[in-house]
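K.L.:
Pasting in a structure now, in structure tokens, and then I'll have a few things to ask.
In this note's numbering, the protein residues as written are -16 to 70.
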């Protein structure tokens, strides 16, 4: 894990919820950052552990599509970047 990336992920989650949360009726969230090999680089389970100690990154139940959608998009972006670099 990367301590710096962990800090950035925590700050980003709090900031996005503070900025967009009220308009979207969202008060909590989670962040999982993986390296290309699938190793965990950062893991944030919620906006504030003091307010809500429930770990949404690990213990939250969600539809399978909601967690893999980002992985598919990231993989597609990576593949496109590789193709563009090769041409």
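Each residue gets a CB set at the ideal place from its N, CA and C atoms; glycine is no exception.
Taking the DSSP output, what are the residues bridged to residue 27?
P.N.:
Answer by DSSP bridge pairing, in chain order: 14.
K.L.:
DSSP three-state label for residue 9, please.
P.N.:
Coil.
K.L.:
Within the chosen definition, does the region -6 to 1 reach the region 26 to 34 through at least 3 CB pairs nearer than 8 Å?
P.N.:
Counting Cβ pairs under 8 Å, three or more are found: they touch.
K.L.:
So, helix, strand or coil for residue -9, using DSSP?
P.N.:
The answer is helix: DSSP assigns residue -9 an H, G or I state.
K.L.:
Among the candidates 9, 68, -16, whose CA atom is the shortest distance from the CA of residue 23?
P.N.:
Answer by Cα proximity: -16.
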